[in-house]
Amino acid sequence: MTSFDNYCLDDPVEPVQVFEVGQDTTSFPTRASYQRSDLRTVEDTSSFLKNNQNSPYKCRLVSICQRTSRRQLQITKPMLDLLVAEHGIGPSFWGVPSCFYRRTDDFEVVFCLPFTESCSSSVIEISYTLRYPEYKPQGNTWVIRQTGIYHRYDKTTSQNLFVLFNPTPQSKVHSDAEDLLCNSWSEVESDPFWLHRVLFATYFPTWRKYIAVQEHRFLPLARSAIANLIGGELGLGYDSLRTLTGLQTQFLEVSTILASATDLLDDLCTLISSGSVTSTNHVGVHFYKNQRRECIANSHNASHLKERAQIVSKLLADTLLFRDQALAKEQNSNMLKLNKSAVFITTLTLVYLPSSFLAVSIPPIFNTSQLLDPD
1 MTSFDNYCLD DPVEPVQVFE VGQDTTSFPT RASYQRSDLR TVEDTSSFLK NNQNSPYKCR
61 LVSICQRTSR RQLQITKPML DLLVAEHGIG PSFWGVPSCF YRRTDDFEVV FCLPFTESCS
121 SSVIEISYTL RYPEYKPQGN TWVIRQTGIY HRYDKTTSQN LFVLFNPTPQ SKVHSDAEDL
181 LCNSWSEVES DPFWLHRVLF ATYFPTWRKY IAVQEHRFLP LARSAIANLI GGELGLGYDS
241 LRTLTGLQTQ FLEVSTILAS ATDLLDDLCT LISSGSVTST NHVGVHFYKN QRRECIANSH
301 NASHLKERAQ IVSKLLADTL LFRDQALAKE QNSNMLKLNK SAVFITTLTL VYLPSSFLAV
361 SIPPIFNTSQ LLDPD
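Numbering (full-length UniProt numbering) for the sequence shown: 1 to 375.
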């Protein structure tokens with residue numbers, strides 16, 4: 001049974017990394033008030049939080065990773081509890097780590113935690129998870145991974161806290177976020193939602209390529225199925241039918257995941273456009289709207305390919321069925337001919353065997369008078 005609470009480890013190997021920029025350039029002695037810390041134990045976490053109590057941050061990013069996308073997060077439960085308590089993080093946060101539990105099978109392959117928003121006084125909290133394809137050059141394969149974000153923003157102080165959940169150590173969005181904080185602070189400071197923008201800009205362009213790769217696998221099968229149906233020569237078998245069924249499932253997964261992403265982008269656009277956090281003409285609004293349009297286009301493409309794969313799968317299944325029926329009919333015809341031959345041989349045997357048997361087994365009867373008379 002899957003446990004959604006099984007998302008922390010007792011002995012993590014990878015550190016929890018914290019990147020932050022101070023309220024002013026004198027807050028930290030490092031370059032441009034930027035500081036990085038690696039937390040491996042609850043003692044490290046407690047010491048870090050205590051040492052930075054009197055050094056307020058402008059933006060803090062806590063990055064937690066998995067070693068692989070099927071393993072738990074590289075953090076202990078006491079460490080996570082301490083980070084949540086000391087930062088005043090609300091209960092909506094816990095939905096995000098619950099999506100990173102240990103998996104032994106393909107559970108919840110399309111589930112994405114929906115956009116969650118809560119407001120209290122001047123503080124707004126949002127959280128969600130996002131799925132996307134990623135290429136693995138080692139095995140020349142594609143995998144679907146997920147990243148989670150918790151964001152706490154104080155409108156009064158303009159203080160930003162992000163907790164980023166990564167599927168692998170040193171993920172692409174982790175590296176891009178660190179680089180942006182370290183080298184492009186003015187860009188970060190002007191956009192409270194900068195990490196959301198980095199996440200979509202990093203991973204979402206791969207959707208089109210991922211769909212194209214699956215389409216490249218699908219088209220030869222589709223052409224062969226139609227050509228074989230017309231030509232009568234069937235070069236495809238049940239292995240091809242299984243491949244088509246797998247592709248059909250993948251296209252369905254893509255359209256489902258992209259539908260969730262479209263809803264997420266709608267919610268982000270609504271929040272930013274409301275003016276409650278940023279100005280109504282914030283540049284990020286156009287970025288998220290464009291990302292939403294790309295989501296819809298890719299989703300339509302995947303849905304179209306799913307329907308085509310479904311049609312070709314049915315065509316191939318029917319063709320294989322007709323072929324099997326023709327083979328069965330041919331085998332039955334051959335068996336009927338063999339049966340007729342067997343009946344004919346049996347009839348011949350029954351007609352000729354008795355007389356032949358008698359001729360061989362009964363000796364001839366001679367006239368005794370011929371035996372007695374020598375003349």
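Yeah, the Cβ is synthetic: ideal placement off N, Cα and C, and Gly gets one too.
Integer-rounded CB distance, given that residue j should sit under 8 angstroms from residue i
| i | j | result |
| --- | --- | --- |
| residue 377 | Pro-137 | Because the chain here runs from 1 to 375, residue 377 falls outside it and cannot be looked at. |
| Ser-313 | Gln-248 | 6 angstroms |
| Arg-152 | Leu-161 | 4 angstroms |
| Pro-133 | Ile-144 | 6 angstroms |
| Thr-76 | Thr-168 | Not quite, the Cβ-Cβ distance comes to about 19 angstroms (not below 8 angstroms), so this is no contact. |
| Leu-73 | Tyr-7 | 5 angstroms |
| Leu-61 | Phe-19 | 5 angstroms |
| Leu-265 | Arg-308 | Rounded, the Cβ-Cβ distance is 27 angstroms, inconsistent with contact. |
| Lys-58 | Gln-23 | 5 angstroms |
| Pro-15 | Leu-49 | So it is not a contact: roughly 15 angstroms between Cβ atoms. |
| Cys-119 | Arg-131 | Contact flag wrong, Cβ pair sits at about 27 angstroms. |
| Ile-272 | Gly-284 | 6 angstroms |
| Leu-236 | Leu-316 | 6 angstroms |
| Gln-66 | Asn-140 | Their Cβ separation, rounded to whole angstroms, is 22 angstroms, which puts Gln-66 and Asn-140 out of contact at 8 angstroms. |
| Leu-305 | Phe-218 | 6 angstroms |
| Gly-95 | Glu-125 | Wrong, their Cβ atoms sit about 11 angstroms apart, outside the cutoff. |
| Thr-116 | Ser-92 | 5 angstroms |
Best match in the options for proximity to residue i [C-alpha to C-alpha]
| i | options | result |
| --- | --- | --- |
| Cys-303 | Leu-265, Ala-261 and Thr-256 | The residue asked about is misnamed: residue 303 is Ser in this sequence, not Cys. The option with the nearest alpha carbon to Ser-303 is Thr-256. |
| Thr-319 | Ser-122, Ser-224 and Val-96 | Ser-224 |
| Asp-106 | Leu-39, Tyr-135 and Arg-71 | Arg-71 |
| Lys-172 | Leu-199, Asn-52, Pro-192 and Tyr-288 | Leu-199 |
| Arg-36 | Cys-182, Gln-291 and Ser-122 | Cys-182 |
| Cys-269 | Ala-259, Phe-287, Leu-252 and Leu-258 | Phe-287 |
| Asn-52 | Phe-93, Phe-251, Ser-33 and Cys-65 | Ser-33 |
| Pro-220 | Leu-244, Tyr-210 and Ile-124 | Leu-244 |
| Thr-202 | His-174, Gln-310 and Gln-159 | His-174 |
| Val-110 | Val-213, Ala-317, Gln-146 and Pro-97 | Gln-146 |
| Asp-176 | Asp-5, Ser-63 and Ile-296 | Ser-63 |
| Val-42 | Leu-9, Phe-251, Asn-54 and Asp-5 | Leu-9 |
| Pro-192 | Thr-141, Ser-46 and Val-123 | Val-123 |
| Ser-46 | Thr-116, His-196, His-87 and Pro-97 | His-87 |
| Cys-158 | Phe-4, Tyr-135 and Ser-190 | The displayed chain sequence assigns Ser, not Cys, to residue 158. For the residues Phe-4, Tyr-135 and Ser-190, the minimum Cα distance to Ser-158 belongs to Ser-190. |
| Met-290 | Thr-262, Pro-56, Ala-227 and Thr-156 | As written in the sequence, residue 290 is Asn, which differs from the Met given in the question. With distances taken between Cα atoms, Asn-290 lies closest to Thr-262. |
| Ile-311 | Ile-226, Leu-321, Ile-345 and Val-254 | Ile-226 |
| Asn-301 | Pro-78, Trp-207, Trp-142 and Asp-179 | Trp-207 |
| Glu-294 | Ile-211, Trp-194 and Thr-156 | Ile-211 |
| Val-213 | Arg-103, Tyr-135 and Lys-155 | Tyr-135 |
| Asp-154 | Met-335, Arg-197, Gly-246 and Pro-56 | Pro-56 |
| Trp-142 | Arg-197, Gln-250 and Ala-259 | Gln-250 |
| Asp-44 | Met-335, Pro-78 and Leu-180 | Pro-78 |
| Thr-156 | Ser-121, Asp-179, Glu-178 and Gln-170 | Ser-121 |
| Val-21 | Pro-12, Thr-104 and Glu-178 | Glu-178 |
Bounding residues of the alpha helix (DSSP H) (the contiguous stretch that carries residue i)
| i | result |
| --- | --- |
| Asn-166 | Where Asn-166 is concerned, there is no enclosing alpha helix (DSSP H), although the beta strand (DSSP E) it sits in stretches over 159 to 166. |
| Glu-253 | 238 to 273 |
Host beta strand (DSSP E) of residue i (start-end)
| i | result |
| --- | --- |
| Lys-136 | 123 to 136 |
| Cys-119 | 116 to 120 |
| Thr-141 | 141 to 154 |
Heavy atom of the ligand PLP within 6 angstroms of residue i beta-carbon
| i | result |
| --- | --- |
| Lys-209 | In the structure shown, the ligand PLP is absent, as is every other ligand, since no ligand is present at all. |
- Residue ranges of each beta strand (DSSP E) within the UniProt domain "CorA-like transporter" (13 to 105), 3 or longer: With a minimum length of 3 residues, the continuous beta strand (DSSP E) runs that stay inside the UniProt domain "CorA-like transporter" (13 to 105) are 16 to 22, 34 to 39 and 57 to 65.
- Message: When you compare the stretch 235 to 244 with the stretch 186 to 199, are there three or more beta-carbon pairs, one atom per stretch, that lie closer than 8 angstroms?
- Response: Counting Cβ pairs under 8 angstroms, fewer than three are found: no touch.
- Query: Whole alpha helix (DSSP H) runs in the stretch 163 to 196 with 4 or more residues, listed along the chain?
  - Reply: 172 to 183 and 185 to 189
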